[in-house]
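Numbering (our numbering), first residue to last: 6 to 127.
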């Protein structure tokens, strides 16, 4: 577990994240521990997005995550206004989906901001 924890922390620039976001250190630590737990599971599958996915696939995706993915998930969680019944499952899904949704998310944000600047849709 320690080896995965160290690798994940390195991948997400943990020290920089904690330095830049000291008030969310417990949140970042929670994400790290959840990823470590999944990476170390002995189960063949992990439940993500209400599907049982091969544990190796989920592990590989979590090891792709970097600092920007963590910031993206933190921002998405902050914007969520709905009650989440299964927070662990919700966060697992957010972390797993981060590499494939981050680009579309920020493209959408830029389009929205530009539309607001130009008065479109108001």
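Don't be surprised by glycine CBs; every beta carbon is placed ideally from N, CA and C. Values in this document were obtained by computation on a predicted structure and should not be read as measured data.
Item                                                                                                          : Value
Cβ contact check for the stretch 37 to 44 and the stretch 85 to 97: 3 or more pairs under 8 Å                 : yes
Paired residues, beta bridge with residue 58 - DSSP                                                           : 51
Whole-angstrom C-beta distance between residue 48 and residue 104, which should lie under 8 Å                 : The Cβ separation is near 22 Å, so there is no contact.
Contained alpha helix (DSSP H) runs [length at least 4] in the stretch 11 to 35, N- to C-terminal order       : 19 to 25
Beta-carbon proximity of residue 69 to residue 107, cut-off 8 Å                                               : no
Cβ pair residue 216, residue 60 closer than 8 Å                                                               : In the structure as shown, the chain starts at 6 and stops at 127, and residue 216 therefore has no counterpart that could be examined.
C-alpha distance - residue 78 paired with residue 100, whole-angstrom precision                               : 7 Å
Reduced DSSP category for residue 45 - H, G, I as helix; E, B as strand; rest coil                            : coil
Residue closest to residue 80, alpha-carbon to alpha-carbon, out of 9, 46, 29                                 : 29
Classification of residue 92 by the beta-carbon crowding that lies within 10 angstroms, buried from 16 upward : exposed
Residue burial classification, residue 44 (beta-carbon count within 10 angstroms, cutoff 16)                  : buried
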